[in-house]
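Step one of this worksheet: look at the structure below.
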Amino acid sequence: MPQDAKEAKKALEAGGTFDLTLRVREAPKSSVNRSPPLEDGLPVSAKSRTHILWCGVPTVADLRVYGDGALISLPVASATVKASNPDSHLRCFSEERLQVLEQTLGRDFVSTDQHGNARVHQDLVTVLCAEHTGIVSSGLQEWGWFRHMLTTGELKDHIEATETDQVVTFVAYTGAEWTKNGLAQFYRDMEPLCAILPQLRLYPSHDEFMAVNLKFPDIAAMDRIAKAAPPLYAYRQQTCFGIGKCTLDTPRGNKSVIKRNFSDASNHVKVMQGPTGDQLKLACFAGERVKSRQTEPEDDEPSARWFHMEYVPTFKTVGEYRVHLCGDNVVSIGISKFVKDKLEVRSVSDDDFAWFSKSQEEQQKKRQELCDFSRYQRTQLLAQPNARKAFESLRVGVRIDIGVSEESPEGRFFGLELTRRWNANQMPAFVLPDPYTEASLKYGRVLAMELAGRQ
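Remember, this note's numbering sits 690 above the position in the sequence shown when you count from 1.
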């Protein structure tokens, strides 16, 4: 995580993404980016045949402490819940239930105050909304419970005792670590259970979790998509994967960006200008190879690899569009950029397309183009040869972080980074109107249908 505004600003200019919120300029208006309301009424099966065994992996100590938790939690007002229709999904968040969940899961997933108001982790809200559909049932457990049950061997018995056709272990993790926190070992420990128990499934899969950490599958797929895309979607930030002969054409003295996979957000993003010691982290070479390039292994993640990318100035001037998709439905659009050294995260407005045109009508058209581009990217990613392994969860949803090539009528959108729905900061309190659960309700229904095999 960035330690101060200066460091975070450097990361944003480099095209990095991170979880730190410094300032919010305005609350989202109910008419901004609001999709049609989703009806609560869904057919409820007599008995749910799919059970979600939710595994909450903590990334913050207390969601109510302003900072990292602000982008991954939803404010839930007790008065709003009490005033809701008895059949509303909001009744999932009764004061009594949230207090029990706070005691069971900890304040890193539910944090209440003396008035019964709470902040609830976004993935927990989604699973509660999924259960509300009646398509799935759920069991909610925290990280320590899973580790204990794996150590004692009791997890196998627990799963076998669940009277459903399928048990899906949903690993809810919005962080960036892989080795230190034990997630890599967790997946290894779960593989024998998946082999023994045919009804057990991991979500996200080990393959997709690895793809997220490697980053290369995402970047390579977006490169392929851009090459085959129509001209409007064909712009692509150049990348050299740091393997073999360097493929990045950066004129001498120009800026470039060096990044690492298995990364901890902006801690592994650097802007380079001219020759620097950071280049020694790269295993690629220019011209003729004269000797083998062997980089030193990283202390925190020996399998990590550094790569470098073209520097795009608009990350500093325009910012970064954060488009949240549920299926092909654009649920919300946020934008993040620095204003006077303060990071601003908010719902997008027409003014955020002023770089394209001063006409509000043209700005709205460009906004629609952004939505269309996001849908195109998701559709093409799901059509990739490795989609089943690397992009499975995109069937439910994804956050696509999008940049713009230049500030002019010729500016084109391009995909900077894919952040899986289960790993993305959904920023509900910043980009959605009160009661903030709109996105979670949609995600919950689609997630339930996906895991139950109904779509």
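A virtual CB, placed ideally from N, CA and C, is assigned to each residue, including glycine.
Check	Outcome
Rounded separation between Pro-765 and Val-1020 - CA only	22 Å
Asp-1187: first and last residue of the uninterrupted beta strand (DSSP E) it sits in	This structure gives no information on residue 1187, because the portion of the chain shown stretches from 691 to 1145.
Of the listed residues Ile-915, Gln-969 and Leu-1137, nearest to Lys-945 (C-alpha basis)	Gln-969
Same chain, Cβ closer than 7 Å to Ser-735, neighbours up to 5 away in sequence not counted	Since pLDDT at Ser-735 reaches only 45, below the 50 mark, its modelled position is unreliable, and the value read off the structure follows with that caveat. Gly-824 and Ile-825.
Between the CA atoms of Cys-884 and Gln-740 - distance to the nearest angstrom	Residue 740 is actually Thr in this sequence, not Gln. One C-alpha to the other measures close to 16 Å.
Beta-carbon gap between Ala-635 and Leu-1015 smaller than 8 Å	Lying outside 691 to 1145, the shown extent of the chain, residue 635 is not represented and no answer is given.
Selection from Gly-757, Ala-1129 and Asp-752 that minimises the alpha carbon distance to Val-1035	Gly-757
Tyr-1133 in three-state terms, based on DSSP	helix
Reduced DSSP category for Ala-1073 - H, G, I as helix; E, B as strand; rest coil	coil
Residues bridged to Ile-1023 (per DSSP)	Val-1013
Distance between Ala-751 and Phe-997 (C-alpha atoms, nearest Å)	32 Å
Closer than 7 Å: Trp-835 CB and nearest the ligand COA heavy atom	Summarising the ligand content, the structure contains no ligands, and the ligand COA is consequently not present.
Expected contact under 8 Å - CB spacing of Ile-1092 and Ser-1064 to nearest Å	7 Å
Neighbourhood of Asp-913 by C-beta distance below 8 Å, restricted to the same chain and skipping five residues each side	Arg-926 and Thr-929
Cβ-Cβ separation, Val-1088 to Leu-1137 (assumed contact under 8 Å), whole Å	About 13 Å separates the two Cβ atoms, so there is no contact after all.
Close-in-space but distant-in-sequence residues of the same chain around Ser-895 (CB under 8 Å, 5 per side omitted)	Lys-1079 and Glu-1082
8 Å Cβ cutoff met for Leu-743 and Thr-842	no
Status (buried if at least 16 other CB within 10 Å, exposed otherwise) for Pro-718	Here the model assigns Pro-718 a pLDDT of 47, short of 50, so the residue's position is not dependable and the matter cannot be decided.
Cβ-Cβ distance between Lys-1027 and Glu-1010 below 8 Å	yes
Nearest to Ala-760 (by Cα), restricted to the options His-779, Arg-809, Cys-974 and Thr-854	Arg-809
Contact belief for Thr-869 with Thr-749 at Cβ below 8 Å, rounded distance in angstroms	Rounded, the Cβ-Cβ distance is 15 Å, inconsistent with contact.
Beta-carbon proximity of Ala-862 to Trp-1045, cut-off 8 Å	no
In DSSP terms, what Phe-997 is bridged to	Lys-949
Three-state secondary structure assigned by DSSP to Ser-801	strand
Buried or exposed (CB count within 10 angstroms, at least 16 for buried), His-805	exposed
Close beta carbons around Leu-830, own chain, < 8 Å, minus the five adjacent residues each side	Trp-744, Gly-746, Leu-791, Thr-794, Leu-795, Leu-814 and Val-817
For Val-857: DSSP bridge partner residues	His-741 and Leu-890
CB-CB length for Ser-1130 against Gln-812, believed under 8 Å	7 Å
Collapsed DSSP secondary structure at Val-790 in the structure displayed	helix
Within 8 Å, strictly: CB atoms of Asp-637 and Gln-1054	In the structure displayed, the chain extends from 691 to 1145; residue 637 sits before or after that span and is not available.
Among Glu-850, Glu-844, His-848 and Leu-840, nearest to Tyr-877 - alpha-carbon criterion	Leu-840
Span separating the alpha-carbon of Phe-783 from that of Thr-1127	11 Å
Beta-carbon proximity check, Glu-785 vs Ser-763, cutoff 8 Å	no
For Lys-1006, the first and last residue of its enclosing beta strand (DSSP E)	Unbroken run through Lys-1006 is the alpha helix (DSSP H), 1004 to 1007; no beta strand (DSSP E).
Neighbourhood of Leu-873 by C-beta, 8 Å cutoff - its chain only, sequence neighbours within 5 removed	Val-747, Val-861, Tyr-863, Glu-867 and Phe-899
For Gly-757, three-class secondary structure by DSSP	coil
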